[in-house]
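Since the structure comes first, as structure tokens, the remarks are kept for the end.
In the numbering used here, the protein residues as written are -1 to 31.
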């Protein structure tokens, strides 16, 4: 089944992911040293 549309939410209009991005960035930086 092919999707009819793809929605991009780049600025937090639909979902506020700022805290999630912050957590992921901190984990990645910890792994890299």
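The beta-carbon is built from N, C-alpha and C at its ideal position, and this holds for glycine as well.
Quantities reported herein were computed from a predicted structural model and do not represent experimental measurements.
- Task: With DSSP as the reference, label residue -1 as helix, strand or coil.
- Result: As a working mapping, residue -1 is identified with position 1 in the chain shown. Coil.
- Message: For residue 13 and residue 4, I'd like the C-alpha separation in whole angstroms.
- Response: For the purposes of this step, residue 13 is taken as the residue at position 15 of the chain shown. For the purposes of this step, residue 4 is taken as the residue at position 6 of the chain shown. In a straight line, the C-alpha of residue 13 is about 15 Å away from that of residue 4.
- Message: Within a Cβ cutoff of 8 Å, which residues of the same chain sit near residue 10, ignoring the five residues on either side of it in sequence?
- Response: If you number the chain shown from 1, residue 10 lands on position 12. For residue 10, where only same-chain residues beyond five positions count, the Cβ hits under 8 Å are 16.
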